[in-house]
Every structure is written in structure tokens, then in C-alpha cells.
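This report refers to the structure that appears directly beneath it.
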Amino acid sequence: MVDFEVEGEDGRFLPRLRSLSQMGFSWILDKNRLMLWQNFIKKFDIHLKDAETVEAFYFTLLLQAAKRWDKQNPKRIICESYISLLKYEGRFYDDTYCFICEQYIEEDIALMQSFKPAHPTCIYSPALPTKRILDFFHTEKSIYLEDNEVDYLHDIVMKGF
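The numbering used here applies: residue 1 is where the sequence shown begins, and numbers increase by one.
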């Protein structure tokens with residue numbers, strides 16, 4: 001992150017930046033964490049590229065994620081942040097009915113892009129325990145999920161917002 005002051009906003013084509021300083025994070029030198037961060041940020045770039053103005057929610061979400069990035073598994077932070085993003089944008093599909101066949105989902109669930117629920121057989125995807133996934137959706141905390149389940153959710157997020 002960079003902090004700065006703008007000098008010369010008097011109609012010139014390109015104002016100058018003054019008092020430029022970097023606000024770094026301790027995880028910036030960890031190659032694996034940095035790579036995950038860059039992939040996460042790329043998804044925001046694609047998602048927000050046509051927006052004329054970017055709301056404060058997105059900056060706050062990224063800042064909160066960056067502050068926790070060295071203390072927690074980054075894939076968990078990405079999944080938790082994505083749930084918050086879906087709820088904020090009104091795209092969260094909070095239902096226990098399959099998005100494909102529209103039948104009730106019981107013990108096992110699979111997820112499509114945007115975390116839309118489906119039967120594992122409807123989308124030919126690995127099965128996850130429905131109760132744990134629904135708990136994750138409601139609490140926005142991945143603490144009760146296994147690492148392989150978090151990896152599965154992370155892969156869905158990386159397919160695109």
C-alpha cells in the first residue's frame with residue numbers, strides 16, 4: 001500500500017505525488033503469501049474494471065484481509081472475504097436447493113461459481129458436508145472447515161468473482 005499527497009490539482013494533466021511512503025506488511029517478503037495476494041487482487045481488478053467508482057467496502061475488505069494475511073491461512077481469508085463480497089453485492093444464494101435441478105440438498109453439497117449450491121451428481125463435483133458449508137455461509141468463518149474443503153472453496157473463488 002502507498003500513502004501520498006497530491007500536489008498540483010489545478011487542472012494540469014498529471015498532478016505530482018508528494019510525501020510518498022509505502023505502508024508495507026510483514027508478509028510481503030513471503031513468496032507464497034504474496035503470490036496468493038496477487039491472484040486475489042487480480043480477481044478484484046477483473047470484477048471492478050467497468051465500475052466508474054469503487055465503493056469504500058472493497059477497500060475496507062482488502063485492508064482487513066491484508067492485516068490478517070500473515071496470521072491466518074490466506075486461502076481461508078480469501079474464502080471468508082468472498083462470502084462478504086457476495087452478501088454485500090446481493091449475489092449470495094442462500095438456499096438449500098440445487099441450482100441445477102431445483103431439488104432439496106440433504107447430506108452432501110457441491111458448489112458452483114459464486115458459491116451456488118448443487119448436488120455433487122448434478123455438476124460432477126466432489127461432495128462436501130452440507131452442514132459445515134451452510135455454517136460457513138452464515139458465520140463467514142472457515143474455522144470448522146478442513147483444509148481440503150478450504151482448498152475446494154478457494155479453487156471456486158479463483159475461477160472468478
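Each residue gets a CB set at the ideal place from its N, CA and C atoms; glycine is no exception.
{"Check": "Given a threshold of 16 other Cβ atoms within 10 Å of its Cβ, counted over all protein chains shown, does E80 qualify as buried or as exposed?", "Outcome": "buried"}
{"Check": "For the beta strand (DSSP E) containing I46, name the first residue and the last one.", "Outcome": "No beta strand (DSSP E) holds I46; the alpha helix (DSSP H) holding it covers K31 to L48."}
{"Check": "Note down, one range per segment and in chain order, each beta strand (DSSP E) of at least 3 residues found wholly within the segment 89-153.", "Outcome": "108-111"}
{"Check": "Report back the beta-carbon spacing between W27 and D70 to the nearest angstrom; my notes put them in contact at under 8 Å.", "Outcome": "4 Å"}
{"Check": "Would you kindly report the start and end of the unbroken alpha helix (DSSP H) that includes K67?", "Outcome": "A56 to R68"}
{"Check": "Going by the CB atoms, is the gap between Y82 and V150 shorter than 8 Å?", "Outcome": "no"}
{"Check": "Put E209 into one of helix, strand or coil per three-state DSSP.", "Outcome": "Here the chain has residues from 1 to 161 only, and residue 209 is not among them."}
{"Check": "For R16, write down the residues that DSSP places opposite it in a beta bridge.", "Outcome": "E7"}
{"Check": "Do K87 and H154 come within 8 Å of each other at the CB atom, strictly closer than that value?", "Outcome": "no"}
{"Check": "Please confirm whether any heavy atom of the ligand HEM lies closer than 7 Å to the CB of N39.", "Outcome": "The ligand content of the structure shown is nil, which means the ligand HEM is not present either."}
{"Check": "Taking the Cβ atom as the reference point for each residue, do A127 and A118 lie within a distance shorter than 8 Å?", "Outcome": "no"}
{"Check": "From L34 to Y58, what does the alpha carbon distance come to, in whole angstroms?", "Outcome": "19 Å"}
{"Check": "Taking Y124 as the reference, which of H138, I100 and E146 has the closest Cα?", "Outcome": "I100"}
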